[in-house]
Amino acid sequence: QVSAAGGAGSGGGEGSYSTDNIAANEGMVTRVLRGSAHPTAAVFHVAFKLGAIASYLLLGLFTNSFVIQFVVTVTLLAFDFWTVKNVTGRLMVGLRWWSDMNEDGSTAWRFETLDDPDSVNSTDYRIFWWSMYVTPVVWLALGIVAAIKFHISWLIVVLIAITLTAANTLGYLRCDKEAQKRVQNAVGNTFLQAALDRFLPPTLSNAVASRM
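Residue numbers (the numbering used here): 1404 to 1615.
See the structure below:
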């Protein structure tokens, strides 16, 4: 009887420990989302990425059809690409990129950035960039595994994933670099204008500044 009671107590403790862990994780997610200025965008920014990876790894437990797994995974990857490129980047970090084809066949990159980068929410910033950096690394690791096992069909899926995630990452890195350049130029122009105003008459100062 004592042994049985002890076993029941131990089982109850393990169940309580598991429940506590789940509650702690839910509390952490809730705190992160509360700190976000755009929690819905943050959820979808991460959810499509996790969904595509989960579909690649786990959907085979529920179906033997490669076609179904391929379609579901690539569809989630496409949703993620479109959402990040057109919605979450603009809302979470104030950046947007796209490319146009010139008449000579060359590609021209276009960028949109916030006038005030300091207005970006710090939680949104971390969620956005961490997920953008980690996701291609995860797919690269999965690609290495698929190549080692000679799973050519799955390697095709991984190559699609790497192409889409890397394209978005590269586009936003270029956009972020352009935003930093604009901030540096604005700061430099401000200091230059202040120096000209200090040492030159207003009329001459404005004339010099307008030519630079």
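We treat Cβ as the ideally placed atom computed from N, Cα and C, and that holds for glycine.
Is DSSP giving residue 1466 helix, strand or coil here? Stepping through the sequence shown from its first residue, residue 1466 is reached at position 63. Coil, per DSSP.
Give me whichever residues DSSP pairs with residue 1514 in a beta bridge. As a working note, residue 1514 is residue 111 in the sequence shown. According to DSSP, which records beta bridges pairwise, residue 1514 is partnered with 1500.
Using the Cα positions of residue 1532 and residue 1543, report the straight-line distance between them to the nearest angstrom. Along the sequence shown, read from residue 1 onward, the residue named residue 1532 stands at position 129. Along the sequence shown, read from residue 1 onward, the residue named residue 1543 stands at position 140. Their Cα atoms are separated by approximately 17 Å.
Using the three-state DSSP reduction, which class does residue 1492 fall into: helix, strand or coil? By one-based count along the sequence shown, residue 1492 stands at place 89. DSSP places residue 1492 in helix when its eight states are reduced to three.
Near residue 1576, what residues of its chain come up, given a Cβ to Cβ distance below 8 Å and the 5 sequence neighbours on each side ignored? The residue labelled residue 1576 in the question sits at position 173 within the sequence shown. Correct list: empty, nothing qualifies.
Just checking, does the segment 1442 to 1450 make contact with the segment 1466 to 1477 on the three C-beta pairs under 8 Å criterion? no
Whole-Å CB distance - residue 1515 paired with residue 1529, under 8 Å assumed: Residue 1515 sits at position 112 when you count from the first residue of the sequence shown. Residue 1529 sits at position 126 when you count from the first residue of the sequence shown. Not confirmed; about 21 Å, so no contact.
Check the Cβ-Cβ distances between residue 1482 and every residue of chain D, and say whether any is below 8 Å. You won't find chain D in this structure, because it holds only one protein chain.
Measure the beta-carbon distance from residue 1483 to residue 1444 and round it to whole angstroms, keeping in mind my assumption that it falls under 8 Å. The count along the sequence shown starts at 1 and reaches residue 1483 at position 80. The count along the sequence shown starts at 1 and reaches residue 1444 at position 41. Going by Cβ atoms, the distance from residue 1483 to residue 1444 rounds to 13 Å, so no, they are not a contact pair.
As a quick exercise: from 1547, 1476 and 1568, pick the residue whose alpha carbon is nearest that of residue 1558. Here residue 1558 corresponds to residue number 155 of the sequence shown, with the count starting at 1. Ranking 1547, 1476 and 1568 by CA distance to the CA of residue 1558 puts 1547 first.
Over what stretch of residues does the alpha helix (DSSP H) that includes residue 1553 continue unbroken? As a first step, residue 1553 is located in the sequence shown; it is residue number 150 there, counting from the start. Per DSSP, residue 1553 belongs to no alpha helix (DSSP H) and is neither H nor E.
Same chain, Cβ closer than 6 Å to residue 1589, neighbours up to 5 away in sequence not counted: Position 186 of the sequence shown, counted from the start, is the residue given in the question as residue 1589. With a pLDDT of 49 at residue 1589, under the threshold of 50, the modelled position of that residue is not reliable, and no figure is offered here.
Can you give the beta carbon distance from residue 1539 to residue 1555, rounded, assuming they're within the 8 Å contact cut? Indexing the sequence shown from 1 puts residue 1539 at position 136. Indexing the sequence shown from 1 puts residue 1555 at position 152. With a Cβ gap of about 21 Å, residue 1539 and residue 1555 do not count as contacting.
Contact under 8 Å by Cβ, residue 1476 with residue 1459: The count along the sequence shown starts at 1 and reaches residue 1476 at position 73. The count along the sequence shown starts at 1 and reaches residue 1459 at position 56. Going by C-beta atoms, residue 1476 is nearer than 8 Å to residue 1459.
Cut-off 6 Å between Cβ atoms - residues of its own chain near residue 1549, not counting five sequence neighbours on either side: As a working mapping, residue 1549 is identified with position 146 in the sequence shown. If we look at residue 1549 and ignore the five residues flanking it on each side, its Cβ neighbours are 1557, 1558 and 1561.
DSSP state of residue 1442 mapped onto helix, strand, coil: The residue labelled residue 1442 in the question sits at position 39 within the sequence shown. It is helical.
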